[in-house]
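Encoded as structure tokens, the structure appears first; notes follow it.
Protein chains: 2
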Amino acid sequence: YYGQEIKRDVGNLVKWLFLAVVVGCVTGAASTLFSFALKGVTAYRKANEWIFLLLPVMGLIIVFLYEKIGKEDGGTNQVLSTVRSQDDVPLLSAPLIFISTALTHLAGGSAGREGAAIQLGGSIANQLGRWIHLDEEDRHVIVMCGMSAAFSALFGTPMAAAVFALEVVSVGVMYYTALMPCMIASLIASQFAAGMGVTPESFHVVDIPALSLETGLKMVIVAVGCAVVSIIFCMVLNAVAGLYAKWLKNPYIRVVVGACLVIAVTLLLRTDEYMGSGAELIAKAVETGQTDTFAFLWKIILTALTMRAGFRGGEIVPSFCVGATFGCVMGNLLGLSPSICAACGMAAVFCGVTNCPITSILIAFEMFGFRGVSFYLIAVSISYAASGYYGLYKNQTIVYSKYKAKYVNRHTRV
Amino acid sequence: YYGQEIKRDVGNLVKWLFLAVVVGCVTGAASTLFSFALKGVTAYRKANEWIFLLLPVMGLIIVFLYEKIGKEDGGTNQVLSTVRSQDDVPLLSAPLIFISTALTHLAGGSAGREGAAIQLGGSIANQLGRWIHLDEEDRHVIVMCGMSAAFSALFGTPMAAAVFALEVVSVGVMYYTALMPCMIASLIASQFAAGMGVTPESFHVVDIPALSLETGLKMVIVAVGCAVVSIIFCMVLNAVAGLYAKWLKNPYIRVVVGACLVIAVTLLLRTDEYMGSGAELIAKAVETGQTDTFAFLWKIILTALTMRAGFRGGEIVPSFCVGATFGCVMGNLLGLSPSICAACGMAAVFCGVTNCPITSILIAFEMFGFRGVSFYLIAVSISYAASGYYGLYKNQTIVYSKYKAKYVNRHTRV
């Protein structure tokens, strides 16, 4: 009996170590390429500002691609449902999301890139699983592996990437079966990316006060504010989607009108700061403690207008930007270090829109270092409790009530 | 509709912030007192070595106390079941575990103190919940709050303490309803304890190599070894319990014979290093990279002989000691920094016996710092996958299979 058990344990370990290494290398490589592509198009966009006016054209190309060859592509939601049920991510999703995210960033749409990474990784890993004839249950695990490896290579945050894949699908349930494969794949992917010259995202928090009754209470206020902002973010995304669907039924017209709105708002604001993922706004908020008061609001509006018009990329990096700029404003208002408030705001809004508290805490460690730990804990846990059942992904479920210790298993509100 | 929702959100937030502060202060204070008591008795034991020979007498007192007034006390397992079902921790548990753990440490039994902290915090918080007439579901949350606050005050690791309470009862399920209350209570308890002069447990890892193919693979081997050691630890505890139950049915005789065995083994080994929690062995292994080759084995045997004879305290800190000393030996064998191997061994064996990977990673950060993160991730995730369904707590369930992505919901093997 013990012999059999040892055989099963060792066999399982060796199999998943091997698969994790393969997935880590393959999706890590794809994600590294993706990272360089995004850097390239962003640099080009900055050097050639006129290209922003081509946003409607890029939109048309993206919609055309998805209408013609990507009809069955359900985006990030589909990847999430693949983890939980018998669904599939078509292999075609990988090049589609790669190209359309690059085009979105080339023309300066306000969009992230983690959604792209998740789809890229999920799609490649799913295909790998099909080729080697993994059964249904193992395919769930390999898809999580691919998600986390691609995320990890792009951001240089292996720990948060691995836990995100385990945590995001069903909030309150941790798919620990995939813990080891995801961790190993993430570590390998991030090492691979770092070796190829992708620098991990990290920001230097300049001023971390001591935790006291005063600073702690101020952080509670910042965190409640972040929870409200994350609800607003979800509501605005949803409202814009509703308006588009009501008034602009044709996807081609929708993307052109959406792009024109983005151009109009941007010209009014006279800044290119909100284009792309907004990493510079995050850096400014965290590292200098400075930001425009309504930056968070404009980022929300421009992201909703861009993403819901049909552009691709993801909403998470914009949510980072919204959180960091809002936190920074709150810090300046309350007289608490705006730098740590920006860092906490980023983690807290991320937690509010994804309902992934552990990932939020870990991402703060990996991006900002470990020193501000007490503040990250306060910000993330309060934001989780106060952000209700809103979320970015309609295929995410919240398994246990946020208010009572009981089973609810409800879908998030998008 | 929105008005109602906002009211519910705000009400819930304020209620739990308030309760968390109360629980954090009350159990934090009790746990601080407990910490000083343990320090006092340990210092006395070191100054007066003869007291070790009174171990059988202390055992008799402990058994007498539990036979007379603690019949309904189920120890840590009962606290765990209170979180999940309609169970109760009697208030009497708090003073009982306080006194009996102090007596165990006074006479140099090989035992920990986290089990005591969990029972102390769980019992006090449960009573608080009863006094203010919390309903069933809220009482689960407040018990988790108490567990984490007491753990946090004792070890100075608020993050790991909070996540441990959420994670340990049902592995694979995170009781996020309690996230905010537990985090806040833990932070307050640890600040309280630190303010009273309890120094947080932390060890300085002296040599952290870069992650490469070679160091990574060596760490995989160390982690597999740790998983095996954690299985052996659980099996030895169980085997000793079985032998005691078979040959020594009378609890008074059992505790006297057990104590005499502990004395005999200790006299044979001619060292007092294995007495108490073994924190000095951990410090030596992590900070100097040195340890006796079979230290881990003796610690396992002495802990099993002590704890299963009827002494109190807990098995977790001994498991830290077992992991650190074993990791150190493996590091010296493999030519990988014994210091980082000791730190990883501690986290990996803790993960193996408690099946709590996130807590294990966080505890490594809080005790050893963030720098060795890649190694902690490898060690903990491999140990989780390779340690099978063994565990310290018979009331713990593993909700998802470790081998296939499916629901199993089975009890751990003790």
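Chains as they are written, first to last, in my numbering: chain A, 6 to 419; chain B, 6 to 419.
We put the beta carbon where it would ideally sit given N, CA and C, even for glycine.
Taking 8 Å as the cut-off, decide whether the C-beta atoms of residue i and residue j are in contact.
| i | j | result |
| --- | --- | --- |
| Val84 of chain A | Gln124 of chain A | yes |
| Glu320 of chain B | Gly120 of chain B | yes |
| Ser153 of chain A | Ala190 of chain A | yes |
| Gly396 of chain A | Asn360 of chain A | yes |
| Leu65 of chain B | Tyr381 of chain B | no |
| Lys304 of chain B | Cys333 of chain B | no |
| Gly318 of chain B | Arg259 of chain B | no |
| Arg50 of chain A | Leu111 of chain A | yes |
| Ala107 of chain B | Leu43 of chain B | yes |
| Gly230 of chain B | Gly294 of chain B | no |
| His145 of chain A | Ala99 of chain B | no |
| Tyr412 of chain B | Val404 of chain B | yes |
| Gly263 of chain B | Tyr279 of chain B | no |
| Ala384 of chain B | Ile368 of chain B | no |
What are the boundary residues of the beta strand (DSSP E) that residue i is part of?
| i | result |
| --- | --- |
| Ile137 of chain A | Counting along the chain, Ile137 of chain A falls outside any beta strand (DSSP E), and DSSP gives it neither H nor E. |
| Thr402 of chain A | Thr402 to Tyr405 |
Does residue i come out as helix, strand or coil in the three-state DSSP assignment?
| i | result |
| --- | --- |
| Val233 of chain B | helix |
| Tyr49 of chain B | helix |
| Ser342 of chain B | coil |
| Arg89 of chain B | helix |
| Arg415 of chain B | strand |
| Tyr394 of chain B | coil |
| Met224 of chain A | helix |
| Val94 of chain B | coil |
| Arg144 of chain B | helix |
| Ile213 of chain A | coil |
| Asp14 of chain A | helix |
| Ser205 of chain B | It should be pointed out that residue 205 of chain B corresponds to Pro in this sequence rather than to Ser. If DSSP states are grouped into helix, strand and coil, Pro205 of chain B belongs with coil. |
| Phe420 of chain A | Residue coverage of chain A in this structure runs from 6 to 419, which leaves residue 420 of chain A outside it and unanswerable. |
| Tyr279 of chain A | coil |
| Gly377 of chain B | coil |
| Gly79 of chain A | coil |
| Gly350 of chain B | helix |
| Thr296 of chain A | coil |
| Arg118 of chain B | coil |
| Gly161 of chain B | coil |
| Tyr6 of chain A | coil |
Along the chain, where does the alpha helix (DSSP H) that runs through residue i open and close?
| i | result |
| --- | --- |
| Asn255 of chain A | That residue, Asn255 of chain A, is in no alpha helix (DSSP H); it is neither H nor E in DSSP. |
| Ala112 of chain B | Counting along the chain, Ala112 of chain B falls outside any alpha helix (DSSP H), and DSSP gives it neither H nor E. |
| Pro362 of chain A | Pro362 to Phe373 |
| Lys409 of chain B | Where Lys409 of chain B is concerned, there is no enclosing alpha helix (DSSP H), given that its DSSP letter is neither H nor E. |
| Met185 of chain A | Leu184 to Gly200 |
| Lys73 of chain B | Leu60 to Ile74 |
| Ala300 of chain A | Ala300 to Met312 |
| Ile287 of chain A | Ala284 to Thr293 |
Tell me, which residues are paired with residue i by DSSP?
| i | result |
| --- | --- |
| Val176 of chain B | B:Ile403 |
Applying a beta-carbon distance threshold of less than 8 Å, which residues of chain C neighbour residue i?
| i | result |
| --- | --- |
| Glu142 of chain B | The question asks about chain C, but that chain is absent: this structure's protein chains are A and B. |
The segment 173-182 of chain A / the segment 212-222 of chain A touching (three or more Cβ pairs under 8 Å): no
At least three beta-carbon pairs within less than 8 Å, the segment 339-348 of chain A to the segment 127-147 of chain A: no
At least 3 beta-carbon pairs within less than 8 Å: the segment 234-246 of chain B vs the segment 292-299 of chain B: no
Stretch pair the segment 26-40 of chain A + the segment 76-95 of chain A: three plus CB contacts closer than 8 Å: A contact is defined here as three or more CB-CB pairs under 8 Å, and the segment 26-40 of chain A fails this definition with respect to the segment 76-95 of chain A.
Inter-stretch contact (C-beta, 8 Å, three-pair minimum) for the segment 261-268 of chain A and the segment 224-240 of chain A: The segment 261-268 of chain A vs the segment 224-240 of chain A: no contact.
Cβ contact check for the segment 196-216 of chain B and the segment 161-168 of chain B: 3 or more pairs under 8 Å: In short, these stretches touch, since the Cβ pair count reaches three.
Meets three-Cβ-pair contact criterion under 8 Å: the segment 385-393 of chain A and the segment 181-189 of chain B: yes
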